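J.:
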Amino acid sequence: MRLALLGAGGHGKVVCRVAQRAGFEVIGFYDDFAKGLVLGLPVLGCFSEAPSFDGKLFVSLGRNAARAELFCEERSVVLIDPSAIVDSTVRLGLGTVVMAGAVINVDTVIGRNCILNTGCTVDHDCVIEDHVHLCPGTHLAGSVRVGEGAMLGTGACVIPGRTIGAQSVVGAGAAVVRDLPARIVATGVPARVVKDASV
Ligand SMILES: CC(C)(COP(=O)(O)OP(=O)(O)OC[C@H]1O[C@@H](n2cnc3c(N)ncnc32)[C@H](O)[C@@H]1OP(=O)(O)O)[C@@H](O)C(=O)NCCC(=O)NCCS
């Protein structure tokens, strides 16, 4: 299947490789800043030109807000690296990428336009809402809920049953042992709220 990626930065390059390993024919990128060739593939135009592409489109931007802005469900696909383990009971929304080595366990529901980055694990019965980014090496125990647009930094982990509010940011290496509200930044072990995410 023909696919173009919106976003030719570092994250876009990793998504490109996932798509190729998953059997998609990546035709090129759309990006407002990149030019020429990226991974040997052409930058086909700027973001506003992407709708004229005659194939599927996948938004490959790491920033949740930017990804949400460009996301078009009808044009999108799900990308799963062949090395990822996704249980047959898991539901995945369009626009979501599951990267190399990730493991998603039974009865978990993943929303649209999410990034399940390299080597992350999401255990049983979790609910991940739309536009979430689980950075490389994050670990969610069972029955964790992550609200829309939240980001869990590299190596963060969450104990069973906790909720992370929408648009919140969990710092790299944090251990979430209590529920976290929406729109905050939390860091540390155990994770504590350090500021409002909008500041
Ligand atoms: C938590 C985070 C969002 C804060 O970013 P920020 O607001 O720009 O914070 P700053 O870098 O200005 O640091 C502010 C303070 O927090 C501390 N801090 C930053 N990140 C921290 C973390 N993950 N854990 C503990 N303390 C942290 C800094 O040491 C600094 O402390 P100081 O004031 O005593 O010097 C960011 O550091 C982070 O962890 N992001 C995760 C990024 C990531 O994993 N990306 C992967 C992309 S694939």
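Take the working numbering: the last position of the sequence shown gets the number 192, and nothing is skipped along the way.
Note that beta-carbon positions come from the ideal geometry of N, C-alpha and C, so glycine has one too.
In this text, all values refer to a predicted model and were calculated from it rather than measured experimentally.
Using 8 Å as the cut-off, can you tell me whether the region 137 to 151 makes contact with the region 54 to 70, which would need three or more C-beta pairs spanning the two stretches below that distance?
T.: yes
J.: So V52 is in the beta strand (DSSP E); what residue range does that whole segment cover?
T.: K49 to V52
J.: With H, G and I counted as helix, E and B as strand and the rest as coil, what does DSSP make of V99?
T.: coil
J.: Note the first and the last residue of the continuous alpha helix (DSSP H) segment covering K6.
T.: G3 to R14
J.: Per DSSP, which one or two residues make a beta bridge with F199?
T.: One cannot answer for residue 199 here, as it falls past the ends of the chain, which runs -6 to 192.
J.: Tell me the residue span of the beta strand (DSSP E) that contains A179.
T.: I177 to T180
J.: Specify the secondary structure class of L63 as computed by DSSP and reduced to three states.
T.: helix
J.: Whole angstroms is fine: what's the gap from L173's alpha carbon to T156's?
T.: 6 Å
J.: So, are the CB atoms of A15 and L85 less than 8 Å apart?
T.: Taking 8 Å as the Cβ cut-off, A15 and L85 do not qualify as a contacting pair.
J.: Which residue comes first and which comes last in the beta strand (DSSP E) that contains R185?
T.: R185 to D189
J.: Taking C-alpha atoms, which residue in G33, V8 and T131 lies nearest to A165?
T.: T131
J.: Name the one or two DSSP bridge partners that L145 has.
T.: L127 and V163
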